[in-house]
Each structure stands twice: as structure tokens, then as C-alpha cells.
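Below you'll find the structure, written out as C-alpha cells, and then a few comments.
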Amino acid sequence: MDSDRTAEQLSFADVGLPGVGLPGPANRDRAGRSRGHGSHRRPPTAAEAAEMSASVHGGIDQSLATTPFVVVDLETTGGSPERDAITEIGAVRICGGEVVGEFATLVDPGRPIPTEIVTLTGITEAMVVAAPTIGEVLPAFLEFARGSVLVAHNSRFDLGFLTASANRLGLDWHFPATLCTVALARRVLTREEAPAVRLSALAALFDATTTPTHRALDDARATVDVLHGLLERIGNRGVGTFAELLDFLPRATPAQRAKRHLADRVPRAPGVYLFRGCGDEVLYVGTAVDLRRRVRSYFAGDSRPRIAEMVALSSRVDHVVCAHDLEAGVRELRLLAAHNPAYNRRSTQPRRGWWVSLTEERFPRFTVGRSARPEPGPLGEPTSIGPIPQRATAQAVADALTRATGLRSCTTRLGARRDYHWCPPHSVSPTTRPVSPTAGPVRGPSSSTAVPATRAGPGDCAAASPIPESVTDYLPRVRAALDVVAGRSDAALHELAATVAAAAEAEHFETAARHRDSLAAVVAALARCHRLRALCDLEQFVVARPGPAGGWRFAVVRHGRLAGAGTADAHTPPMPVVEAVIAAAETVIPSAGPLHGAAPEEAALVYRWITAADARIVDASGGLALPRFSACGWEGWAVRARAARSRETTDGRSREPAGHR
1 MDSDRTAEQL SFADVGLPGV GLPGPANRDR AGRSRGHGSH RRPPTAAEAA EMSASVHGGI
61 DQSLATTPFV VVDLETTGGS PERDAITEIG AVRICGGEVV GEFATLVDPG RPIPTEIVTL
121 TGITEAMVVA APTIGEVLPA FLEFARGSVL VAHNSRFDLG FLTASANRLG LDWHFPATLC
181 TVALARRVLT REEAPAVRLS ALAALFDATT TPTHRALDDA RATVDVLHGL LERIGNRGVG
241 TFAELLDFLP RATPAQRAKR HLADRVPRAP GVYLFRGCGD EVLYVGTAVD LRRRVRSYFA
301 GDSRPRIAEM VALSSRVDHV VCAHDLEAGV RELRLLAAHN PAYNRRSTQP RRGWWVSLTE
361 ERFPRFTVGR SARPEPGPLG EPTSIGPIPQ RATAQAVADA LTRATGLRSC TTRLGARRDY
421 HWCPPHSVSP TTRPVSPTAG PVRGPSSSTA VPATRAGPGD CAAASPIPES VTDYLPRVRA
481 ALDVVAGRSD AALHELAATV AAAAEAEHFE TAARHRDSLA AVVAALARCH RLRALCDLEQ
541 FVVARPGPAG GWRFAVVRHG RLAGAGTADA HTPPMPVVEA VIAAAETVIP SAGPLHGAAP
601 EEAALVYRWI TAADARIVDA SGGLALPRFS ACGWEGWAVR ARAARSRETT DGRSREPAGH
661 R
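Quick note on numbering: the sequence shown equals residues 1 to 661 in our numbering.
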């Protein structure tokens, strides 16, 4: 392709993606020029990116002929973004009816590919074993597609997988403008012309130059021809801009169209919007990169019955302009918590959850409750883990840690004057064992501590002992529990892993699976708690990230809460802006507890934003450091455990093939 047509080029070598080129005839652009294996196109410059971003986000009314589109297609291991994984991504970037660039790569899904999917797509496990993971591929794809309108055939499927993957990886998703060729085809074509809107049927109808093959790049190329054919059909219907296309696409009711004036005073800026009812009550809260475009879309016809009902009840739309996406996300969470809108389904109770805590007794044990214990505890240590969304999961975490550390599981109330704990085992002899015997080397100060214990049988207290235990005898168990909660030792995790291995070796596979799932839940809860505690312990943390159109975005974080936000464009010196944002930032007084009063969901959102790959530390009161033996080091094990559980859940169950269109 000519050098003057390189508005969006990508070098996969620069981002460390080996072997994602398409050699030979399969890697030819529309003009027939071979791009060869490993020969790819450079990323856009800052000026090009700014221009492209403005074309979509700031200039939504510009001509369709100058709007950049990225047509994307995926192949996956199944139909669920939560349970399944991507095996291939293919995308074509177009503008003005011409191909600007292509993106294609296999992806290692990290799990087996079902036989029916192999039959459908031809993608085998041998083909993806050396392919990059989605964590390596997705940032490169987001760079390739930056500043465009994403298009897919059945976009709910493809974009559902992409957004789910971005959320899991903590990547920003800046594609508010999307287009589904299935919806467009149903709006444009009569049932006589297109009894079915499958990609293969539409490709035949529009004489596509590429036949869909259930391979990502071929299907993306075919979708490009279908998109061009559909846009040609609406050229004489007064649809000349992307905004007009959005208005044309859904079948808005007269009642919805009558309320479009509610968006007239909403600016084209990032922020939060609030739909209010006749009684001034807040019905719905959301965020947007372009507030006006997003609010207008509600009056163009929304297929969700709840949203259509909400729009019918709305009498006013308020808005809050924000400096950037993090401020908008945080304000949304706070407004959801304050108003509990009837038509929002998530995050309306951001502090709701379950905590696993050590009781304040002479012989402590793990309990599950709605709130965390005040910290530091009586021994000056963290004593709580959480929050955990489901009570059953929290109880599984408490039970697993009780087994691993040897704390008592009995619920007997032991008074302040009780000098001993004694739950005799049913039929075992006394032994002395380490708190955490492991299959490999055990690290951490608690790993060398031995306590009198027995292997508790069914119905036994986890601290069962043939003789009474004094407070001094019981203390090593407490120390082992405090060590794992604080991240000073992962010996308890090794203990749980050894239990899984022992059950599997004895061919007690169902028992091994239960222990595996319990350990995965423990790792997830501890890792999240260690991250958020490290963030909330910091008095101040100032971070800068590049803006989507150049310049910088700034965030001042105090004890896990966003205290200030600001931006500086490419022509403004950044440090005076930083100083002004810090000076105007909210004063945060920490309270007792593991997160010092911060809402867990807000702290998690802030943590993801400030630890992104492009984040730069401007100022900090201390280091954002995890404990030496944090459970974060076990997250790879937990990911494999969840993948194994997912395979067990889906084995033997009939599923719709992932690549259907």
C-alpha cells in the first residue's frame, strides 16, 4: 500500500507480538500487494490520533465518507464472554471506502478448544499453542482501532468478548461509537431481499469479494463489503453523517423522539449524566466520553425495555462535566450510591459485601460478617479480608484459611477468663506438625512454626487436640493466620495447594476440585485486599496518564479515594496544572478499617487506572508496594483453576458454536 495512505499503521514487532503476520496470498490487501510475514504498519502519530479521535468523539456529525471504521471479527472457544476465550482476531480499518490497514492474529485462549469449534473454524490447539495471549494482543488491537467506530456483524457477540477482556485486563475502553451490521441490515433490507441476515447470506447478496470462512480476517473483509453495500442503500435517504446514521438505525417511537430536546443543553464533553423523573428523582446514572452524543442515543430508540421505560418517565437530564474518564467513573459510583436509581442494576451499593475477619478473643477464629474489624487489631495487625461479593464465597474462604492455619472452627464462646481451648478429636492420636507442610520450599516466618495439632476428621474442630491448649500454645496458629492476612507469608496457601495435590494423587478428584476452588477463592480475595490495602495506606499519590488527543490527564489519590482530577493539553506546561489540582484536591481523613473508609469499588477503579501501563508517578507520599508474599503471586494458579472449573462446567453440555453468524 502506498506510503501516503499510512494514517493507521501498526508494527507488531514494536509491541512484542511474535508471528502474527499472515504470509503468502492470505496476507494481501485489496490492491493485491503482499504485505508479507512480519511486515506491518506503524502506529498513528499523536497528531493523527488526535485527528481521528476528534472525528469520532468530537465531530459525530461529520460525513460518513470521512468517518474511520474498524470492522472486527472474532473466533472464540464458545459463546460466553465470561466462560470462554478468544482464539483469533481479524480487523480491517477503512475510511472513505478504502482499506487503510488490517490486523490479524491467532490468540492462545489458555484452555482447550472444543471439537465442534475446531470443526467449524479449523483452528486447532496446535495452531494457537505458540500464539500470543489476549493480554499481549488486546493492547495492540486497541491501538490499531483507536479513534474509530467499531463495526461487527452481530456486534453484541464480538464486542462483548472484547469489552470483557479489556475489563479483566484493566484496559481503558474508548469506543462509545459502535455499529452492528445485523441491525443495519434489518433496518435497510426487506425480508424478501434478505430472509436471513447471516454474514454468508449478506455477502452473497452484495457480491462480496471475500467469502466468509469462519476465520476472523476473512469474515472481517466480507463484513466490509456488506457494510459498504448497506451504506450505499441509505445514501438517498438523507443519511450523510454518522449521527444521522445513529438516528436512522433504530426505530424510535414518537414518544422517544419527542424528548430529544432534553439533550439540547448537554455539552460534547466527558462526564456523568443523570436522567430525572417528574418528581426530580434520579432514574438512571451513566458516564460518557461525549455526553451529548450518548444522551441523544437514548432518544433514537433503545432495544432494552427497561431503558425505553426509563426514557418515557424522564423529564430532565442533568450532567456533570469531568476532567477525564477516571473522574467520570468515580462520580458515577458516588452518585449511584447516593441515589440508588431504579433503572441502574450495578454498583448501587458499592460498600455492600462480606468480610472474613479474626475475632477479638483469647482464642481467635475466622468469622464472616458484613463489616470489617477496626484496624489495626489488638496485635497491631490487619485482621480482615474483603470485601467478597457472595456470602458463600466468603464462608469458603474462611473455612479454607481455618483448615490451613489450624485455627479453631468451633463456635463455642470462650470467656475472657478462659485459659485454655480444648476440642478433643474423635479418634486420632496426638501429633506435632508444621502449620504449613508443603510439597516445595515454604517461605515466610510462619512456615517454621510448629503447633500441637491433629488432622481433624469430619465434624472435628480444626484445632482439635488430645490435650487442652493454653493461649501460648494457640498463639502460633494465630500468628500463621495474621501472616497470611498481612501477606508476610504464603505458607497457608502452600498448605492448601498441598491438600489439592494430595487429593488428586489419591484419585479423589471431586474432593480435589472442591479444594482447588476454595484455594482459588482465597487467592482472589487476598490478592484484591492486598492491592486495595496498599493503595489506601498511601496518604497521597499523584499520577499522570497521556490524554487521548495528546496532553496529560492527572489524578490525585488520597487513601484510596480520588481527591482531585485535571487535564493539560499538549500546549500547556503540565506542572503548574498538577500543582493547582493538588492544591484544590479534597482533604481525606482516613478512618479505621482495612481501606481507611474508602469504598472498595472506587478504590479498585482507581487502582486499575493508576497502574495502567502508560501511567506515570508525579508525586507520592510513599511507595505503592505489595507485601512480599502477597497472594497476587498466586493469581496465575487461580486463573488456571478457574479455567479448569469452566471446562468441567461445560463438559457434556450442548452449546451453540462460537463462530456462528
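We put the CB at the ideal spot given by N, CA and C, even for glycine. In this text, all values refer to a predicted model and were calculated from it rather than measured experimentally.
| said: Given a cut-off of 9 Å on the beta-carbon distance, is the pair V330 and V606 in contact? | reply: yes
| request: In angstroms with no decimal places, state the Cα-to-Cα distance between S663 and A126. | output: With the chain covering only 1 through 661, there is no way to say anything about residue 663.
| How is T77 classed by DSSP in three states: helix, strand or coil? | coil
| said: For W354, list the residues DSSP reports as bridge partners. | reply: I388
| Considering only residues of the same chain and omitting the five flanking positions on each side of A525, which have a CB-CB separation below 6 Å? | I385, I388 and V397
| query | Hey, which unbroken runs of the beta strand (DSSP E) at 3 residues or more fall wholly within the segment 148-217? | reply | 149-152 and 178-180
| task | Label A613 either buried or exposed according to how many other C-beta atoms from any shown protein chain fall within 10 Å of its C-beta, with 16 as the threshold for buried. | result | exposed
| request: Give me the Cα-Cα distance between S465 and L401, rounded to the nearest whole angstrom. | output: 18 Å
| Hey, how far is the Cα of A635 from the Cα of C410? | Looking at the sequence itself, residue 635 is Glu, so the reference to Ala does not match. Distance between the alpha carbons of E635 and C410 is about 31 Å.
| query | Taking the beta strand (DSSP E) that G277 falls in, what are its first and last residues? | reply | G271 to G277
| said: I'd like to know whether the C-beta atoms of A463 and F363 end up nearer to each other than 9 Å. | reply: yes
| Between which two residues does the alpha helix (DSSP H) containing S518 stretch? | F509 to C536
| Using 8 Å as the Cβ pair cut-off and three pairs as the minimum, do the segment 636-648 and the segment 554-567 touch? | no
| Does the Cβ-Cβ distance between T76 and V128 come in under 9 Å? | no
| Are the segment 189-200 and the segment 168-177 touching, with three or more C-beta to C-beta distances below 8 Å? | no
| So what does DSSP say about H421, is it helix, strand or coil? | strand
| request: Could you tell me how far apart the beta carbons of T119 and C95 are, in whole angstroms, since I believe they sit closer than 8 Å? | output: T119 to C95, Cβ: 37 Å. No contact.
| query | Do you know offhand how far T478's Cα is from L407's? | reply | The sequence shown places Val at residue 478, rather than the Thr named in the question. Rounded to whole angstroms, V478 to L407 spans 7 Å at the Cα level.
| Expressed to the nearest angstrom, what Euclidean distance is found between the alpha-carbon atoms of G122 and T211? | 15 Å
| query | Three or more C-beta pairs closer than 8 Å, one from the segment 592-607 and one from the segment 527-540: is that the case here? | reply | yes
| query | What's the C-alpha gap between G550 and E361? | reply | 56 Å
| task | Please name the residue or residues paired with W634 in a DSSP beta bridge. | result | According to DSSP, which records beta bridges pairwise, W634 is partnered with nothing at all.
| said: Using a 10 Å radius around the Cβ and a threshold of 16 neighbouring Cβ atoms, would you call I467 buried or exposed? | reply: exposed
| message | Considering only the alpha carbon of each residue, which of E586, A544 and P548 lies closest to P574? | response | A544
| task | May I ask you to report which of helix, strand or coil DSSP gives P434? | result | Residue placement at P434 is flagged as unreliable, the pLDDT there being 39, under the threshold of 50; a coordinate-derived value is accordingly withheld.
| task | Grab me the residues of Y343's own chain with a C-beta within less than 8 Å of its C-beta, minus the 5 sequence neighbours each way, in chain order. | result | F275, L283, Y284, R306, I307, E309 and M310
| task | Give the DSSP-derived three-state secondary structure of E102 in the structure shown. | result | strand
| message | Going by DSSP, what residue range makes up the beta strand (DSSP E) through H596? | response | Counting along the chain, H596 falls outside any beta strand (DSSP E), and DSSP gives it neither H nor E.
| Would you call the CB atoms of D108 and A131 closer than 9 Å? | yes
| field | Under the three-state DSSP convention, the category G19 falls into | value | Residue placement at G19 is flagged as unreliable, the pLDDT there being 30, under the threshold of 50; the coordinate-derived value follows with that caveat. Three-state DSSP puts G19 in coil, outside helix and strand.
| Neighbour-count burial assignment, E648, 16 or more Cβ in a 10 Å radius | exposed
| What's the gap between the Cα of D460 and the Cα of A615? | 51 Å
| query | Can you name the residues that DSSP bridges to Y474? | reply | Answer by DSSP bridge pairing: none, since Y474 is not bridged.
| Under three-state DSSP, which class holds H319? | strand
| Three-state secondary structure assigned by DSSP to P573 | coil
| Helix, strand or coil for I610 per DSSP? | helix
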